[in-house]
Structure formats: C-alpha cells, structure tokens
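Just below is one structure, and these are the notes that go with it.
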Amino acid sequence: NGPAGPHDEL
Amino acid sequence: MNVFRLAGDMTHLLSVVVLLLKIHTIKSCAGISLKTQELYAVVFAARYLDLFVHFVSLYNTVMKLVFLASSFSIVWYMKRHKIVRRTYDKDHDTFRHYVLVLPCLLLALLINEKFTFREVMWAFSIYLEAVAIFPQLVLLQRTRNIDNLTGQYVFFLGAYRVLYILNWIYRYFTEPHFVHWISWVAGIVQTLLYADFFYYYIMSWKNNVKLELPA
C-alpha cells in the first residue's frame with residue numbers, strides 16, 4: 616500500500 | 081479527497097498565486113521574507129521527491145508541480161529579477177533560517193515513519209514547513225507595515241493549515257487506522273504560529289484599521 620504516512624496529501 | 085482538504089489545497093494555492101501576482105504585477109517584494117520563501121522551496125523539494133516514482137493522482141502530480149514551480153520562481157524573482165530584487169528588504173529579513181533547518185533535519189532523522197532516505201526527507205519537510213513562516217512573521221513584526229497583499233498571503237497560509245486540521249479530523253473519523261502523529265503534531269504547531277497573526281488580522285479587519293502587529 617505504498618509508503619507509510621499520509622503521502623497522498625500535498 | 082474531502083472538502084476540507086480540497087479547500088485547504090486551494091487556499092494554499094491561492095496564497096502562492098497572490099504572492100506571485102503581487103511580485104509580478106507591481107514588481108515589488110516589499111514586506112516579503114526571502115528566507116521564508118527559500119524554506120518553502122526546500123520544503124517542497126524535500127517532500128515531492130517521489131513526484132515521478134509514486135503516482136497518487138493527476139491532481140496530486142499537477143499540484144506538486146505548481147507548488148514547486150511557484151515557490152522556486154518566487155525565490156528566483158526575489159534574488160535574480162533586476163527590478164524586484166531591489167525592493168527586497170534584506171536589512172530587516174535577517175532571521176538566520178539555517179537555525180531552523182538543522183534541528184528539523186536532526187528531528188527527522190530521529191522521528192520518521194521509516195528510516196529510509198525518502199521518509200526522512202518527508203518528515204524533514206513536514207517539520208520545516210511547520211516553522212517556515214517564522215522569518216516572515218519576524219519581518220512583519222519588525223517592519224510593522226503590512227500591505228494587504230502580504231497580509232492576505234499569511235492569512236491564506238494560515239487558513240490552509242486550519243483546513244488541513246479539519247481534513248485530518250474528518251479522515252480520522254472516516255478512515256480506519258488514519259493516525260499520523262508526525263503530520264498532526266507538526267501541523268498543529270504550525271497552525272498555532274499563525275494564531276496571533278490571525279487575531280490581529282481579524283481585529284484590524286473588523287475595526288477597519290490598518291493591520292498593526294504589536295512590537
């Protein structure tokens with residue numbers, strides 16, 4: 616599921 | 081994507097657009113801290129390293145490119161443009177911003193989601209963004225003259241942070257396991273930095289007087 620953390624945010 | 085986050089991204093975009101317009105149209109950066117703009121350029125460069133390797137959405141990629149382009153062009157204008165650079169108030173913009181960079185880097189090495197180069201740089205960008213406004217607020221206190229474009233710039237930046245906190249609250253209640261202390265703590269610290277500016281900005285707007293920050 617991709618890297619940790621809310622990296623879908625800017 | 082929720083409405084708070086979209087509104088937050090839009091006010092963030094608005095803050096840089098207001099700033100670019102101010103610099104581009106009146107060819108002046110009076111009242112703007114170059115240090116803060118340089119810190120923001122570093123924040124985006126450090127945070128968007130995954131720009132080409134981790135595709136989230138078209139929106140995400142476009143916004144990253146816009147933020148990178150705008151922050152670096154603002155720095156370019158203030159440092160290189162023959163007319164704008166003369167309006168830069170370097171005597172008052174003396175906050176030693178490297179004092180902010182090093183602790184953020186050390187903190188990122190200690191507290192991060194994963195000890196990888198990209199995650200450490202991401203945490204570094206989160207911590208640095210939290211304090212990036214500091215030189216700008218110091219400059220405003222020093223020069224005390226806040227033209228309304230600069231005031232609007234800081235106001236929109238603060239609004240974007242408040243909206244992001246609302247976004248995190250919304251995501252916490254709607255998405256399982258959405259817990260990210262690094263962003264939350266840094267984001268709350270960052271928003272608190274704007275609190276007093278907000279207070280004086282709204283008071284001056286309400287009493288219809290020129291915005292004055294206490295010395």
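From first to last, the protein sequence lines are chains A and B. 616 is the number of the first residue of the first sequence in my numbering; add one for each residue after it. 81 is the number of the first residue of the second sequence in my numbering; add one for each residue after it. No residue lacks a Cβ here, since even glycine has one placed at the ideal position from N, Cα and C.
Asked	Found
Partners in chain A for B/N74, counting only beta-carbon separations shorter than 8 Å	For residue 74 of chain B there is no data in the structure shown, the boundaries of chain B being 81 and 295.
Beta-carbon gap between B/L187 and B/F204 smaller than 9 Å	yes
Chain-ordered neighbours of B/M143 on chain A, where CB pairs are closer than 7 Å	L625
Interface flag, B/V97 vs chain A, CB-CB below 9 Å	no
B/E193 in three-state terms, based on DSSP	coil
Interface residues of chain A facing B/R85 [CB-CB closer than 9 Å]	E624, L625
Rounded separation between A/A619 and B/I262 - CA only	Confidence is the limiting factor: at A/A619 the pLDDT is only 44, short of 50, which leaves the residue's position unreliable and the question unanswerable from this model.
Three-state secondary structure assigned by DSSP to A/L625	coil
B/Y120 at chain A interface by Cβ criterion, 9 Å	no
Proximal residues of chain A, C-beta to C-beta of B/H257 below 7 Å	Correct list: empty, because the minimum Cβ distance to chain A is about 10 Å.
9 Å Cβ cutoff, B/F200 in contact with chain A	The sequence given here has Val at residue 200 of chain B, not Phe. B/V200 does not count as touching chain A.
Within 9 Å, strictly: CB atoms of B/V216 and B/I112	Residue identity differs from the one stated: residue 216 of chain B is Gln in this sequence, not Val. Yes. Within cutoff.
Distance between B/I154 and B/M90 (C-alpha atoms, nearest Å)	18 Å
Terminal residues of the alpha helix (DSSP H) in which B/V164 lies	Counting along the chain, B/V164 falls outside any alpha helix (DSSP H), and DSSP gives it neither H nor E.
Under 8 Å from the C-beta of B/F147: neighbouring residues of chain A	L625
Beta carbon proximity, B/L100 to chain A, threshold 9 Å	no
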